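Following: one structure in structure tokens, then a few remarks.
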Amino acid sequence: MTLSIKTLELPPIGTNCYLLTKEGSDEIAVVDAPLGAWKEVKAALEGLNVRIAHLLMTHGHWDHTLDGWLFNEDRRYITYGGDGDAEFYRDPESMSRFSIPGLEMKPMRIDRWVKQGDRLTLLGETVEVREVPGHSPGSVLFWFKESDCVFSGDALFQRSIGRTDFPGCSFEELERSIQQQIYSLPRKVKVYPGHGPRTAVGEEIENNPFVRAAK
Ligand SMILES: [Zn+2]
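Here the sequence shown stands for residues -6 to 208, numbered as in this note's numbering.
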């Protein structure tokens, strides 16, 4: 069964939230929780018989976590994230210097800290976790192996890469993460980033102007 992926581009800065379902599975997975995600996901779930729900957090930056606390309140949801960003999840106000003034930023709870090489079984398929620090210390990606797609957060975008001018960022580290953890995936794997349109591993190896494949 193929994974069905719905993309929600949400305010205030156009952050992608992905809603994943699979025919025959009573599970749903959501990738990231930008502002408005909870309402949109709830509306999309109406009439679906979902028993188990997962919220996969690619990283702890505020524009990906604003609705996280709402998912925490629904007991079906298990949240996953990288512990390098634990401080951001626990104390989002620590990011107020680089967010938009006036936003209410509530802490969110991560139920399961994930790390390099973890294998999760979600919607009946194997999902490999890889650590991709550089844009944030606790950035992780989720690779749905049977469906050939990866949720890369803000590490890699179509023809671009994540910013590295925030606290805890490093271009060298991000470059290494992309080369070692993303460019090593099969070239056909579709990349669903935290902002902007979908791309593919092979396309970025060929065309990304910021990070070239390691020689
Ligand atoms: Zn970010």
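By construction, the Cβ of each residue, glycine as well, lies at the ideal position given by its N, Cα and C atoms. It should be emphasised that the depicted structure is a prediction, and the values quoted were computed from it without experimental measurement.
Terminal residues of the continuous alpha helix (DSSP H) containing residue i?
i, result
"GLY74", "It is not in any alpha helix (DSSP H) - GLY74 instead sits in the beta strand (DSSP E) that spans 70 to 75."
"GLU166", "164 to 170"
"HIS57", "55 to 58"
Could you check whether the Cβ of residue i sits closer than 7 Å to any heavy atom belonging to ligand 1?
i, result
"ASP147", "yes"
"GLY155", "yes"
"HIS47", "no"
"SER140", "no"
"SER129", "yes"
"GLY29", "no"
"GLY77", "no"
"GLY40", "no"
"GLY61", "no"
"GLY7", "no"
"GLY189", "no"
Please state whether DSSP places residue i in a helix, a strand or coil.
i, result
"GLU80", "helix"
"GLY7", "coil"
"LEU28", "coil"
"ALA207", "coil"
"VAL122", "strand"
"VAL34", "helix"
"ILE45", "strand"
"SER89", "helix"
"GLU20", "strand"
DSSP beta-bridge partners for residue i?
i, result
"ALA213", "Since the first residue shown for the chain is -6 and the last is 208, residue 213 is missing from the structure and cannot be characterised."
"GLU66", "DSSP output for GLU66 lists no bridge partner at all."
"GLY146", "PRO186"
"ILE175", "DSSP output for ILE175 lists no bridge partner at all."
"LEU13", "ILE(-2) and ALA22"
The beta strand (DSSP E) spanning residue i covers which residue range?
i, result
"LEU(-4)", "-4 to 3"
"ARG102", "Unbroken run through ARG102: none, as it is neither H nor E."
"LEU115", "112 to 115"
"VAL133", "133 to 137"
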